[in-house]
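A.B. asks:
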Amino acid sequence: MQQNKSGLKLPINLIVLDFIGTILIALGLIKMFGGIDVIPSQYLLDDNGLMLILVGACLMLPLVLFMVQWIRQRAEQRLIK
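To convert, note that position 78 of the sequence shown is 1524 in the working numbering; the numbers rise steadily by one, no gaps.
#1: Gly1502 and Thr1468: beta carbons closer than 8 Å?
#2: Taking Lys1455 as the reference, give the member of Ile1466, Trp1516, Asp1493, Gln1523 with the closest Cα.
#3: By Cβ distance below 7 Å, which residues in the same chain neighbour Ile1391 in space, the five residues on each side in sequence not counted?
#4: Hey, would you say Gly1509 sits closer than 8 Å to Leu1470, going by beta carbons?
#5: Report the rounded CA-to-CA distance for Met1478 versus Pro1457, giving the unit in angstroms.
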């Protein structure tokens, strides 16, 4: 009997959001700890580094929630079998 082992297939839009979020977190860390401004001076705020980190984390959240939902569904399927 052949088993269907379907792995986790990640939607491309979630991967793109995660990538952009990772870049924003990196830029925020560079701003906070390196003191390097990567944003043009007309857009600078006092806490740009923290803002970039928070926005980046928010952009990464949908992929994490998608994986948690997939794990829960997988666990429920195993309980049903």
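Built from N, CA and C at the ideal position, the CB exists for glycine as well. These numbers come from a predicted model, not from an experiment.
C.D. replies: Looking at the coordinates:
#1: One-based indexing of the sequence shown puts residue 1502 at position 56. One-based indexing of the sequence shown puts residue 1468 at position 22. Yes.
#2: The count along the sequence shown starts at 1 and reaches residue 1455 at position 9. Taking only the C-alpha atoms, the option nearest Lys1455 is Trp1516.
#3: No answer is possible for residue 1391: the residues shown for the chain start at 1447 and end at 1527.
#4: As a first step, residue 1509 is located in the sequence shown; it is residue number 63 there, counting from the start. As a first step, residue 1470 is located in the sequence shown; it is residue number 24 there, counting from the start. Here residue 1509 is Leu; the residue named in the question, Gly, does not match the sequence. Not in contact: Leu1509 and Leu1470 (Cβ atoms no closer than 8 Å).
#5: Sequence index remark: in the sequence shown, residue 1478 carries index 32 (1-based). Sequence index remark: in the sequence shown, residue 1457 carries index 11 (1-based). Rounded to whole angstroms, Met1478 to Pro1457 spans 32 Å at the Cα level.
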